[in-house]
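Trainee: Before anything else, here's the structure in question.
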Amino acid sequence: MDREKVRVLLSGNEAVAHGAREAGVQLATAYPGTPSTEILENLAKFPGVYAQWSPNEKVAFEVGMGGSMAGARTLVAMKHVGVNVAADPLMTFSYTGIKGGFVLVSADDPGMHSSQNEQDNRFYAKFAKIPMLEPSDSQEAKDFVGIALDISERFDTPVLLRLTTRISHSKGIVELGSRKEYPVSGFDRNVTKYVMMPIYARKRHEVVEERMEKLRKFTEETPLNRVEEGDRSLGVVAGGISYNYAKEVLPDASYLKVGFSNPLPIQRIEKFARSVDQLLVIEELEPFMEEQIRGAGIHCRGKEFVPNQGELTPEKLKEGLVRASILSGLTKEDLTVQKAGGGFPRPPVLCPGCAHRGLYCALNKLKADVLGDIGCYTLAALPPLEALHSCICMGASIGNAIGVERVVNPKAPVVAVIGDSTFLHSGMTPLLDAVYNKSNITVIIMDNRITAMTGGQHHPATGNTLMGEKTKAVDFWALSKALGVDQVFTVDPYDYNATLETLKRAVILPGLKVVISRGPCVIFPKKVRGKPYRINLEECNGCGACLRLGCPAISASEERTDKGLAKAIIDESLCTGCDLCAQICPIDVIEAVG
Amino acid sequence: MKNGVMNVLIVGVGGQGVILASEILAQVAVNSGHDVKKSEVHGMAQRGGVVSSHVRFGKKVYSPLIPRGQADVVLAFEEAEALRWAYYIKENGRLIVNRQKIVPPIVATKKGSYPEDPVGQLKKAGNNVLAIDAISIAKDLGNTRLVNTLLLGALSSFLSLKDEEWGRIIRVRVPKGTEGANLNAFEKGREVAWV
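Residue numbers (our numbering), protein chains in the order written: chain W, 1 to 594; chain Z, 595 to 789.
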């Protein structure tokens, strides 16, 4: 039956989910992380696919490996830094190879829109000696999933599908297809393939090198790499989003579009280079292709005019090309561009009513050194709260605090703050370290019962799975006790004075302390709204205590006190009624409305 | 429309509905027969911070990002954001500004100050500005939540997209029961733009 092709507008992430659906993926795993999160959220909706959040990327990867070992087509998704967490199994999975097709989706974040670094994960493909595909738009994002799985099965290897923020979160038109099923063949006891003890691992390393040899032939032939003939004076090698920026700025040049980027099609690049007057390599972040092309003795230009920091944009590329005299001067259009009016700060902030706010106010009172972690609560580092003093990677807060406390005799209390999802991701082992090595720190688990920053995903303490089933919810108190923490406290961060008193008591106690701060997220899974509060403008003395909470609902009004201080005002449409400001107000002039 | 591509940048503050507005525009462009690309940023950047969404449509669109200085229209849901993003407007391009000021908490702590009369500044700099007091008009229509469709109505009068598709997509995307009110607000936005 002929059906009209379905054409829909999809983000790269939605397209990857559809690609996995069409290619018969049966198992999909991930830990949420911007810009990768929506891949699994969408996959979980499709019949025939089992999708799950794992506590972290390493576990997600290992569960996915198991699915592949048992013969199921498998997709594992994570953000770029998540691959660092999963790097251990990745490096050896390259040795064992797969059974069911296996694709690892790495969503990189050039420009660090929502990340702690902008590492270029293309190097992981080279490092692990696995093939890599880089889609340039949503249609390719969908199509490349199935192609990656075919390559995975043909060459017995995991495959890296590398996205970037602008691929993941840009929408484009995609033509959809129907699902093809691949029966699961079962786990084989193949010890020489799957038991990576030295005697077998050495053999598998040989297999890896033979595979690379075959892939070097494949990359020269695959249509994923293609030449687009244009003006011969300029030849551009580009892949991923950079290809589209290049097409925008240099529409008439000749192109070698690289969709399969590890190993690189060096012979084709060489031939292409001979066919053009000048070879340009246009790539975002690191000179991944340029260095290899130069290494092969092919003359090219690239990073001298394309920055290796930040997100590439069409205008950055254009400016670079003008600077390198590849494009002649800026056009009238470029020069009439007004100056950016971006001097005005509007940093992201904790939501009105966020449970973290009260806890941070208490920590500020204690003048604690606060080692922080990854999540919404990292925003407390910014003014006006400025209550968090480090943020490195998932779970780092506890280990960092142990180290700080060990080497100095601290004047201030040493505190680690870590969210519930982050604690379950990578906080349990450093907490065990603190128990084992008799650390005197205070660890605060900021339990808002959701993975909030990425948009409200479930985790092992929420009692729900990605597929919408009820499940066991981890109890942080029992977990801390089981790890050997003797002193465990629970606070309600909406009760400011009680929280402050408990923290005061906890930080001076010798030994390790865990404080569980329990206040559900105010926007996920559903918006929390209570009776709004109002400031009595007549009586407000303009002290600014409530303004220093950094609540988006509170601002300075036009009214002034006799001393000329601005009186504060609450936007009742934003206020959730958490009443923290009312508790903080030294003269008690903030009250519930009505 | 450079190279046959129309560029619309929609900007505002997290929570104002910038993303939904751009979703509607992009879908109308698809249904009007164009190639479409659209891009915005999620995650940490959205928590009460600056939100921008790029929508491009035409015969063939490559970059999902609008090159600086090439936006045919910038639609700003907030005044200071209009000032921040005005440099995206091309020569003779159009700037639509919602007359609303959202002052972030940082201003109250004196670590930043809200710009003085953004709309005045933008006009003085020679921009083709259409400032709309959408909240007041929406209030008159009976619901301040109609601001977004009203602004889309104003935007639509500068774009050659199919009228019936605007109606169709708005009907699908707005909450059930509010379809009539939203379509009314959309028409009101068009009127305002023509005056």
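Positions of the beta carbon are idealized from the N, C-alpha and C atoms, including for glycine.
Could you tell me the boundaries of the alpha helix (DSSP H) in which W:D120 lies?
Mentor: Run containing W:D120: none; DSSP gives neither H nor E here.
Trainee: Does the Cβ-Cβ distance between Z:I667 and Z:L603 come in under 9 angstroms?
Mentor: The identity of residue 667 of chain Z in the sequence shown is Val, whereas the question assumes Ile. For Z:V667 and Z:L603, yes; Cβs fall inside 9 angstroms.
Trainee: Report the residue ranges of all alpha helix (DSSP H) runs contained in full by the stretch 675-730 of chain Z; include only those spanning at least 4 residues, in chain order.
Mentor: For the stretch 675-730 of chain Z, whole alpha helix (DSSP H) runs of length 4 or above, ordered along the chain, are 699-702, 712-718.
Trainee: Should W:M65 go down as buried or exposed, given a rule of 16 or more other Cβ atoms within 10 Å for buried?
Mentor: Burial call: buried.
Trainee: Check whether chain W comes within 9 angstroms of Z:P658, counting only Cβ atoms and requiring the distance to be less than that.
Mentor: Cβ-Cβ to chain W under 9 angstroms: yes for Z:P658.
Trainee: In whole angstroms, what is the alpha-carbon distance linking W:D150 and W:N117?
Mentor: So the alpha carbons of these two residues sit roughly 32 angstroms apart.
Trainee: Output needed for W:G519: all residues of its chain with C-beta closer than 7 angstroms, excluding positions within five of it in sequence on either side, in chain order.
Mentor: Correct list, in chain order: A355, N448, D492, P493, Y494.
Trainee: Would DSSP call W:E229 helix, strand or coil?
Mentor: Three-state DSSP puts W:E229 in coil, outside helix and strand.
Trainee: Quick check on W:A506: buried or exposed, where buried means 16 or more other Cβ atoms within 10 Å of its Cβ?
Mentor: That one is buried.
Trainee: What's the C-alpha gap between W:E209 and W:D109?
Mentor: Each residue's alpha carbon lies about 31 angstroms from the other.
Trainee: Quick one: give me the first and last residue of the beta strand (DSSP E) that W:R162 is part of.
Mentor: Taken as a continuous stretch (DSSP letters only), the beta strand (DSSP E) holding W:R162 covers 159-164.
Trainee: From W:R122 to W:T313, what distance separates their C-alpha atoms?
Mentor: Each residue's Cα considered, the two are about 19 angstroms apart.
Trainee: For Z:K596, which three-state DSSP category applies?
Mentor: For Z:K596, the pLDDT reaches just 48, beneath the cut-off of 50, and the residue's location in the model is therefore unreliable, leaving the point undetermined.
Trainee: The beta strand (DSSP E) with W:N262 in it runs from where to where?
Mentor: Counting along the chain, the beta strand (DSSP E) containing W:N262 begins and ends at 260-262.
Trainee: Going by C-alpha to C-alpha distance, which of W:I516, W:G19, W:K526, W:I590 sits closest to W:N536?
Mentor: That would be W:I590, whose Cα lies nearest to the Cα of W:N536.
Trainee: Which class does W:R518 belong to by DSSP, given the choice of helix, strand or coil?
Mentor: DSSP places W:R518 in strand when its eight states are reduced to three.
Trainee: Exposed or buried, W:F187, counting other C-beta atoms within 10 Å across all chains shown (16 or more means buried)?
Mentor: W:F187 should be labelled exposed.
Trainee: Could you please give me the residues that DSSP links to W:R487 through a beta bridge?
Mentor: Checking the sequence shown, residue 487 of chain W turns out to be Gln, not Arg. BP columns for W:Q487 point to W:K513.
Trainee: For Z:S647, which residues from the same chain have a beta carbon less than 8 angstroms from its beta carbon, with the 5 sequence-adjacent residues on both sides left out?
Mentor: L603, I604, V605, V612, I613, A615, S616, K632, S633, E634, listed in sequence order.
Trainee: Can you pull the chain Z neighbours of W:I173, defined as C-beta to C-beta under 8 angstroms?
Mentor: Ordered by position in chain Z, the residues that pass the 8 angstroms Cβ test against W:I173 are V624, D629, V630.
Trainee: Which runs of the alpha helix (DSSP H) fall wholly inside the stretch 262-298 of chain W and span at least 4 residues, in chain order?
Mentor: As far as the stretch 262-298 of chain W is concerned, its whole alpha helix (DSSP H) runs of at least 4 residues are 266-275, 288-295.
Trainee: Less than 9 angstroms between CB atoms is the rule here; does Z:G761 satisfy it with respect to chain W?
Mentor: Closer than 9 angstroms: no.
Trainee: If the cut-off is 7 angstroms on Cβ atoms, which residues from the stretch 167-199 of chain W count as contacting chain Z, listed in chain order?
Mentor: For the stretch 167-199 of chain W, which is checked against every Cβ of chain Z, the residues closer than 7 angstroms are H169, S170, K171, G172, I173.
Trainee: Check W:E311 in the structure and name its three-state DSSP category.
Mentor: If DSSP states are grouped into helix, strand and coil, W:E311 belongs with coil.
Trainee: Drop a sphere of 10 angstroms on the beta-carbon of Z:W760, count the other beta-carbons inside from all chains shown, and report buried for 16 or more, exposed for fewer.
Mentor: So Z:W760 counts as buried.
Trainee: Would you identify the three-state DSSP class for W:S106, choosing helix, strand or coil?
Mentor: Of the three classes helix, strand and coil, the one that applies to W:S106 here is strand, per DSSP.
Trainee: Could you check where the alpha helix (DSSP H) with W:M69 kicks off and where it finishes?
Mentor: Unbroken alpha helix (DSSP H) run through W:M69: 57-69.
Trainee: The beta strand (DSSP E) that contains W:A368, what's its start and end?
Mentor: Looking at the DSSP string, W:A368 is not in any beta strand (DSSP E), and its letter there is neither H nor E.
Trainee: Just to check my reading of the structure: W:V417 and W:L388 have Cβ atoms closer than 8 angstroms, yes? What is that Cβ distance to the nearest angstrom?
Mentor: Their Cβ separation, rounded to whole angstroms, is 7 angstroms, which keeps W:V417 and W:L388 in contact under 8 angstroms.
Trainee: Sorted by chain position, which residues of the same chain lie with C-beta nearer than 6 angstroms to W:T336's C-beta, five sequence neighbours on each side aside?
Mentor: Confidence in W:T336 is poor, its pLDDT being 48 and thus under 50, which makes the residue's placement too unreliable to answer from.
Trainee: List the residues of chain W whose Cβ lies closer than 8 angstroms to the Cβ of Z:K705, in chain order.
Mentor: Here the neighbours are P345, P383, P384.
Trainee: DSSP puts W:F305 in a beta bridge; with which residues?
Mentor: Answer is none; W:F305 lacks a bridge partner.
Trainee: With distances taken from CA atoms, which of Z:F651, Z:L669, Z:P709, Z:T743 is nearest Z:N722?
Mentor: Minimum Cα distance to Z:N722 is reached at Z:L669.
Trainee: I'd like to know whether the C-beta of Z:P769 is nearer than 9 angstroms to at least one C-beta of chain W.
Mentor: So no, Z:P769 is outside the interface.
Trainee: Taking Cβ positions only, does W:D137 come closer than 9 angstroms to chain Z?
Mentor: Yes, contact with chain Z.
Trainee: What are the residues of the stretch 138-149 of chain W that lie near chain Z, defined by any Cβ-Cβ distance shorter than 9 angstroms?
Mentor: Listed by position along the chain: S138.
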